[in-house]
Amino acid sequence: MKYLQKLGKALMLPVACLPICGILMGIGYLLCPATMQGGEITGFVPLLGLFLVKAGAALIDNMALLFVIGVGVGMSQDNDGTGGIAALASWLMITTLLNTGFVTTLMPSIADSANKTLAFDKIANPFIAIIAGIIGSSCYNRFKGTKLPDWLSFFSGKRCVAIIAGVVSIVVSVILLFVWPIVFGALIAVGEAIAGMGAVGAGIYAFLNRLLIPTGLHHALNNVFWFDTIGLGDLSHFWAGETSADVTWSLGMYMSGFFPCMMFGIPGAALAMIQTAKPEKRKQAIGLVLSAAICAFVCGVTEPFEFGFMFLAPVLYLVYAILYGIFTVVTVALGFRAGFCFSAGATDLLFSASLPAAAKTWLIIPLGIAAFIVFYVVFRFAITKFDLKTPGREDDDEEAEKAVVLANNDYTEVAKIILEGIGGKENVTSIDNCITRLRLEIKDQARVNEKKIKSAGIAGVIRPGKNSVQVIVGTKVQFVADEFKKLCK
């Protein structure tokens, strides 16, 4: 669980880049309907809209790359950029080796299966990005201090991290070559099984769609229900101007349930997160979840909200997916029908309302109010009852460490006290630091005197491993570390 929470924190930076992009795209679609509906784009206002759509899509369409770098750096010790480079190397390796064109060259039989081909068409997704980020950061943490023979010394230390990450990525690619299409195909089979279950089937699909977002495997189900993988194509038939009379199901039923959840449910959940955030972190929570909620309402881009808490509170994310399933069943049963080209936000609702298959779109008001209330109540109860670590409720370790006050501002003296407490320079084998901690590798833990170290105004001493000691210095750690290194020369 702690590892997932650390992963969630690592995703905060790339996720924070996304809300403004979603808002830009929503405004752009309003100014330039032809971007969504097709047709000629002429005149200043439509061209401005197209410009905003492309500007917003620049990051949203490349969200996986943001996750690669975010996880690679965020999960690396000291948040070192070397982990990000290694993660990018891993991503490029995996997505190249598992590119559809290449895998069909290696194994021509894959080209004979539409499902397997589709699986590799969707390989560049956030799940693979997170895997690459974990590979890059793990390789950095494990091999950053590697010492090679003299004739390979250039590649010692951090320079070898990306190389090792590449080798690991080759192994991972081989595994995914066989595993990925099996999992993808199994989900398509699940989609086919629930396609004939009416409103309940639509609810199961919506639940699985949200649940699979972190893995990227939701694309398998989307292609069953939204496009013509098995002859359904809810999205394509809806936007072709057809009605339920032209197909064998209630047209729009596999899209409609997302509208109340994305437009109103997410803002309700966001309000619950803001109100349950720690007072000192409330502004931080507002900055993240409020902008994400606006983004979801305007154009249905939900990833900034979802990735903001899915790893911090995975159980809550499961509840979130269940709520989608429930509201989809209710929405379909009540006869509300709307569709989307991009996602289930206000922009798509506005454009789809005039299409022949649209029905009872006025129901978005009572459905939206209900979704807002239910999401708010459920999220607030779950967060407070189980003390879930949603944005603004993370552990205060880092904030406490930043508030540390040293015994004095003579960093040389502070470093001398720490060195004496650590057992002298002959007991130190490695020196490093992060934002608030002095990270040391030592020979003998028995020689460490914590009382002596704390006499320098140190907040605490942590011993994460047999030969590791972390001294919590606070934000002035860099100055102390510099003096500590001088004393150890």
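Position 432, counted from 1, in the sequence shown is what my numbering calls 464; the numbers after and before it change by one each time, with no gaps.
Beta carbons: idealized from backbone N, C-alpha and C, even for Gly.
Contacting residues, own chain, Cβ-Cβ under 7 Å from residue i (five flanking each side not counted)
i, result
"Ala324", "Pro51, Ala302, Pro336, Phe337, Gly340"
"Cys525", "Given that the chain is displayed from residue 33 to residue 521, the structure contains no residue 525 and the question cannot be resolved."
"Gly233", "Ile226, Ala227"
"Ile55", "Ile326, Cys327, Val330"
"Asn459", "Ile474, Lys475, Asp476, Arg479"
"His250", "Asn241, Leu244"
Element boundaries [alpha helix (DSSP H), containing residue i]
i, result
"Arg412", "396-418"
"Val85", "76-92"
"Asn255", "250-257"
"Met44", "44-48"
"Arg314", "314-317"
"Met125", "113-129"
"Gly58", "51-63"
"Leu344", "Here Leu344 belongs to no alpha helix (DSSP H), and DSSP marks it neither H nor E."
"Ser323", "323-331"
"Cys520", "509-520"
"Asp110", "That residue, Asp110, is in no alpha helix (DSSP H); it is neither H nor E in DSSP."
"Leu451", "443-454"
"Glu338", "335-338"
"Ser268", "266-271"
6 Å Cβ shell around residue i - same chain, five flanking residues per side excluded
i, result
"Asn258", "In the sequence as displayed, the identity of residue 258 is Trp instead of Asn. Within the same chain, Trp258 has close Cβ partners Asp266, Leu267."
"Phe216", "Ala151, Ala252"
"Arg469", "Gln502, Ile504"
"Gly492", "Ile504"
"Lys313", "Gly424"
"Asp153", "Thr132"
Three-state secondary structure (DSSP) of residue i
i, result
"Pro388", "coil"
"Pro140", "helix"
"Ile195", "helix"
"Gly104", "helix"
"Thr308", "helix"
"Gly492", "strand"
"Gly497", "strand"
"Arg174", "helix"
"Ile155", "coil"
"Ile504", "strand"
"Arg242", "helix"
"Arg479", "helix"
Burial state of residue i (16 or more Cβ within 10 Å)
i, result
"Leu253", "buried"
"Leu138", "exposed"
"Asn147", "buried"
"Asp476", "exposed"
"Leu180", "exposed"
"Val206", "exposed"
"Met229", "exposed"
"Glu515", "buried"
"Val333", "buried"
"Trp183", "exposed"
"Pro311", "exposed"
"Asn441", "exposed"
"Arg369", "buried"
"Ser145", "exposed"
"Gly506", "buried"
"Phe76", "exposed"
"Phe413", "exposed"
"Asn94", "exposed"
"Ile236", "buried"
"Leu79", "exposed"
"Trp212", "buried"
"Lys483", "exposed"
"Ala272", "exposed"
Rounded Cβ spacing between residue i and residue j (contact assumed at less than 8 Å)
i, j, result
"Ser384", "Gly371", "4 Å"
"Ala161", "Trp123", "6 Å"
"Ile415", "Ala304", "6 Å"
"Cys541", "Ile92", "A query on residue 541 cannot be resolved here, the shown segment of the chain reaching from 33 to 521 and no further."
"Leu355", "Phe291", "Contact doesn't hold; Cβ gap of about 14 Å is too wide."
"Gly168", "Gly115", "5 Å"
"Val103", "Leu63", "Wrong, their Cβ atoms sit about 35 Å apart, outside the cutoff."
"Arg242", "Tyr352", "7 Å"
Cβ-based neighbour list, residue i, same chain, cut-off 8 Å, excluding 5 preceding and 5 following
i, result
"Ala143", "Thr136, Thr149"
"Phe270", "Leu283, Gly284, Met287, Gly371, Ser384, Leu387, Ala389"
"Thr275", "Leu283, Pro388, Ala389"
"Ile401", "Phe296"
"Ala391", "Gly284, Gly367, Phe368, Arg369"
"Gln316", "Ala309, Pro423, Gly424"
Beta strand (DSSP E) segment containing residue i, residue limits
i, result
"Glu473", "469-474"
"Ser462", "460-465"
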